[in-house]
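Peer 1: Mind looking over this structure? Questions follow.
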Amino acid sequence: MAITEAARAPAGAAGAAPLLTVRGLEAWYGESHVLHGIDFDVAPGEVVTLLGRNGAGKTTTLKSIMGVIGKRKGSVALEGKETIDLPSRAIARLGIGFVPEERGIYSSLSVEENLMLPPKIREGGLSLERIFTLFPNLKERLRSQGTKLSGGEQQMLAIGRILRTGAHLLLLDEPTEGLAPVIIEQIGRTIAELKREGFTIILVEQNFRFAQTVADRHYVVEQGKVVDMIPNAELDANIDKLHRYLGV
Amino acid sequence: MFELLGIPPQALFGQVLLGLINGSFYAILSLGLAVIFGLLNIINFAHGAQYMMGAFVAWMALNYLGLNYWFALVLAPIVVGAVGVVIERLLLKRISHLDHLYGLLLTFGLALIIQGLFRNQYGSSGLPYGIPPQLAGGQNLGFMFLPNYRAWVIVASLAVCLATWFLIEKTRLGAYLRAATENPTLTQAFGINVPLLVTLTYGFGVALAAFAGVLAAPVYSVNPNMGGDLIIVVFAVVVIGGMGSIMGAIVTGFALGLVEGLTKVFYPEASSTVIFVIMVLVLLVKPAGLFGRPA
């Protein structure tokens, strides 16, 4: 099933030009063809999630937007600028911040070095004080080795370090995976606060109950394609359909 | 004057000094190898040839351009480092996705070509390079005579090694290097130009070898084979210290030079093999090296 152009259009910001436009995005891991033509839009200030079963292509979609996958084609435009042929370092400098599924905390760097590693790419990033307000644990662990932190603290560090950079589109890959409920709540509050501050966020999530608390819209990914878009307000009405998609 | 196990102090401290001199070269060269291996995953077998090139650039600067030792100390690392940058861009970059073995074979071939070219042009008997007048002579310490130039080599090596360690472990640039070593894909996704870092790191590692070559020129004769003779020992030092370990390369370099020097005093027959015996023992007990992290 393919979604219509109308369904693809961002609902969060009526009339606003999309911040990110993805069309016909295909990607490969070696010989394996993983994405078969992903289409979706994200409006400025929106939080959208990519939902789907394991192996549907959600993480690969984020990696393809970020340009950290070997081979990709199609179109990924940020504020109208095509990025499909750019290396990931150039894509990042357009204002995209990436938090990978495995969090990507460097063991050879301290917490402070991890936090300060991504260079500032534009104005508008959060100050360190603001980041410590969102994630107070980090301030107490600045001298620790990055990978000595707990899973939740590592997730805070992974999110915190891209907030410094001035990136205005955040790609968060399963930020709640394996975390305790209390930490998931904290991550949820942080995402809501970032949304209030105007950040645009694409969230890959298995946990649609969590996604429901933070997102404006949900794209459903199946076998490397976006097959449906469900506005958050209509999620409960479509819960059976979503269960079928997710195999719950 | 006291004797230790029947060894006169002049002989003992003379060999300790010689050990520290050799250790200085081991430390700088193994440091360069560690920096290159850490980021590029390339076992740079051309390192000995690049050390030799540093000595030759000093000799050529003096004999063709009239530039003295102090100019050469700056010029040679820049010139040979630039050659390294070209090698990385034209050759190593193309095989960066392949197994370590390909890099080792390629740089081994490069080393043979570079040595062959210099041997063809300058012969293999060695060319003299004088000690700079400012460092001629020495100090009588009572228990031994300390030549000024040899003291300078130890101090300069130690300073360069510690400055390199500081750069890598304590600065923002060093954090970029360590991050790119650990996860180049993610580091690039933060907007950091990893390919440029890789090229400059190779150039820097090669420049360290050239710096050691200039330091060595007045101690040994400038000879196309000087690097080839040394590189095997330096690789053993790197293995003992731990591949890619910066502090491991520095500490092990100086320590093994010292061990080698002391072995010359107490059991000279083993002096040329003691480092390799230690290497075997370390590989058996701690395969990642004394300062290396297990894979």
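Protein sequence lines, in the order shown, are assigned to chains F and Z.
With the numbering used here, letter number 4 in the first sequence gets 7, and the count goes up by one each step, no holes.
With the numbering used here, letter number 285 in the second sequence gets 527, and the count goes up by one each step, no holes.
Built from N, CA and C at the ideal position, the CB exists for glycine as well.
Every value quoted in this text rests on a predicted model; they were computed, and no experiment measured them.
Could you give the C-beta distance for Leu-141 of chain F and Val-185 of chain F, rounded to a whole number, given that I count them as a contact under 8 Å?
Peer 2: Against the first sequence, residue 141 of chain F aligns to sequence position 138. Against the first sequence, residue 185 of chain F aligns to sequence position 182. 16 Å between Cβ atoms; not a contact.
Peer 1: Suppose you measure from the CA of Asn-362 of chain Z to the CA of Thr-63 of chain F; what does that come to, to the nearest Å?
Peer 2: One-based indexing of the second sequence puts residue 362 of chain Z at position 120. One-based indexing of the first sequence puts residue 63 of chain F at position 60. Roughly 55 Å between the two C-alpha positions.
Peer 1: The alpha helix (DSSP H) that contains Ala-421 of chain Z, what's its start and end?
Peer 2: Locating residue 421 of chain Z in the second sequence gives position 179, where the first residue counts as 1. Where Ala-421 of chain Z is concerned, the enclosing alpha helix (DSSP H) stretches over 414–424.
Peer 1: If you check the beta carbons only, do Tyr-32 of chain F and Gly-70 of chain F fall under 8 Å apart?
Peer 2: Stepping through the first sequence from its first residue, residue 32 of chain F is reached at position 29. Stepping through the first sequence from its first residue, residue 70 of chain F is reached at position 67. No.
Peer 1: Of all the CB atoms in chain Z, is at least one closer than 8 Å to the CB of Arg-167 of chain F?
Peer 2: Along the first sequence, read from residue 1 onward, the residue named residue 167 of chain F stands at position 164. Answer no: the Cβ-Cβ gap between Arg-167 of chain F and chain Z never drops below 8 Å.
Peer 1: Just to confirm the assignment, what range does the beta strand (DSSP E) spanning Glu-105 of chain F have?
Peer 2: Residue mapping note: residue 105 of chain F aligns to position 102 of the first sequence, counting from 1. No beta strand (DSSP E) holds Glu-105 of chain F; DSSP gives it neither H nor E.
Peer 1: Is the segment 393–408 of chain Z close to the segment 419–426 of chain Z, with three or more CB pairs under 8 Å?
Peer 2: Taking 8 Å as the limit for Cβ pairs, the verdict is that the segment 419–426 of chain Z does not touch the segment 393–408 of chain Z.
Peer 1: Distance check for Val-395 of chain Z and Ala-297 of chain Z, CA to CA, integer angstroms please.
Peer 2: In the second sequence, counting from the first residue as 1, residue 297 of chain Z sits at position 55. In the second sequence, counting from the first residue as 1, residue 395 of chain Z sits at position 153. Cα to Cα, the separation comes out at about 14 Å.
Peer 1: Can you give me the C-alpha to C-alpha distance between Tyr-464 of chain Z and Ile-68 of chain F, rounded to a whole angstrom?
Peer 2: For this step, residue 464 of chain Z is matched to residue 222 along the second sequence. For this step, residue 68 of chain F is matched to residue 65 along the first sequence. Before going further, note that residue 464 of chain Z is Val rather than Tyr in the sequence given. Answer to the nearest angstrom: the Cα atoms are 54 Å apart.
Peer 1: Residues of chain Z with CB closer than 7 Å to the CB of Pro-178 of chain F, please, in chain order.
Peer 2: Taking the first residue of the first sequence as position 1, residue 178 of chain F is located at position 175. What Pro-178 of chain F touches in chain Z: nothing, since even the nearest Cβ is about 16 Å away.
Peer 1: For Phe-350 of chain Z, report the span of its beta strand (DSSP E) as first-last.
Peer 2: Indexing the second sequence from 1 puts residue 350 of chain Z at position 108. That residue, Phe-350 of chain Z, is in no beta strand (DSSP E); its alpha helix (DSSP H) goes 342–364.
Peer 1: How is Arg-220 of chain F classed by DSSP in three states: helix, strand or coil?
Peer 2: For the purposes of this step, residue 220 of chain F is identified with residue 217 of the first sequence, where counting begins at 1. It is a strand residue.
Peer 1: Evaluate Pro-139 of chain F with the Cβ neighbour count: other Cβ atoms within 10 Å of its Cβ, from every protein chain shown; 16 or more gives buried, anything less gives exposed.
Peer 2: Within the first sequence, the letter at position 136 stands for residue 139 of chain F. Pro-139 of chain F should be labelled exposed.
Peer 1: Can the beta-carbon of Ser-266 of chain Z be found less than 8 Å from the beta-carbon of Ser-366 of chain Z?
Peer 2: Locating residue 266 of chain Z in the second sequence gives position 24, counting from the first residue. Locating residue 366 of chain Z in the second sequence gives position 124, counting from the first residue. Taking 8 Å as the Cβ cut-off, Ser-266 of chain Z and Ser-366 of chain Z do not qualify as a contacting pair.
Peer 1: Would you call the CB atoms of Val-531 of chain Z and Gly-483 of chain Z closer than 8 Å?
Peer 2: Start at 1 with the first residue of the second sequence, and residue 531 of chain Z comes out as number 289. Start at 1 with the first residue of the second sequence, and residue 483 of chain Z comes out as number 241. One detail in the question is off: residue 531 of chain Z reads as Gly in this sequence, not Val. Yes.
Peer 1: Assuming Gly-169 of chain F contacts Gly-227 of chain F under a Cβ cut-off of 8 Å, what Cβ separation, rounded to an integer in Å, is found between them?
Peer 2: Translated into the one-based positions of the first sequence, residue 169 of chain F becomes position 166. Translated into the one-based positions of the first sequence, residue 227 of chain F becomes position 224. Going by Cβ atoms, the distance from Gly-169 of chain F to Gly-227 of chain F rounds to 32 Å, so no, they are not a contact pair.
Peer 1: Would DSSP call Pro-389 of chain Z helix, strand or coil?
Peer 2: Here residue 389 of chain Z refers to the residue found at position 147 of the second sequence. Of the three classes helix, strand and coil, the one that applies to Pro-389 of chain Z here is strand, per DSSP.
Peer 1: Could you list which residues in chain F have their beta carbon closer than 7 Å to that of Gly-433 of chain Z, in chain order?
Peer 2: Looking up residue 433 of chain Z in the second sequence gives position 191. Simply Arg-92, Ala-95, Arg-96, Pro-121, Pro-122, Ile-124.
Peer 1: Could you please give me the residues that DSSP links to Lys-66 of chain F through a beta bridge?
Peer 2: In the first sequence, counting from the first residue as 1, residue 66 of chain F sits at position 63. Partner(s): none; Lys-66 of chain F has no beta bridge.
Peer 1: I'd like to know if Met-232 of chain F contacts chain Z, where contact means its C-beta is closer than 8 Å to some C-beta of that chain.
Peer 2: Counting from 1 along the first sequence, the entry for residue 232 of chain F is found at position 229. So, not an interface residue.
Peer 1: Below 8 Å CB to CB, which residues in the same chain sit around Ala-324 of chain Z once its five sequence neighbours on both sides are set aside?
Peer 2: Residue mapping note: residue 324 of chain Z aligns to position 82 of the second sequence, counting from 1. Gly-445, listed in sequence order.
Peer 1: Any beta carbon of chain Z sitting closer than 8 Å to that of Met-159 of chain F?
Peer 2: Here residue 159 of chain F refers to the residue found at position 156 of the first sequence. Output row for Met-159 of chain F: interface = no.
Peer 1: Give the straight-line distance between the Cα atoms of Arg-425 of chain Z and Ile-108 of chain F, rounded to the nearest whole angstrom.
Peer 2: To locate residue 425 of chain Z, count along the second sequence from 1; it is residue 183. To locate residue 108 of chain F, count along the first sequence from 1; it is residue 105. According to the sequence displayed, residue 425 of chain Z carries Asn and not Arg. The straight-line gap from Cα to Cα measures roughly 9 Å.
Peer 1: Phe-211 of chain F and Leu-249 of chain F: beta carbons closer than 8 Å?
Peer 2: Within the first sequence, numbered from 1, the residue matching residue 211 of chain F stands at position 208. Within the first sequence, numbered from 1, the residue matching residue 249 of chain F stands at position 246. Against a cut-off of 8 Å, the Cβ pair of Leu-249 of chain F and Phe-211 of chain F comes out as a contact.
Peer 1: Using the three-state DSSP reduction, which class does Ser-113 of chain F fall into: helix, strand or coil?
Peer 2: The count along the first sequence starts at 1 and reaches residue 113 of chain F at position 110. DSSP places Ser-113 of chain F in strand when its eight states are reduced to three.
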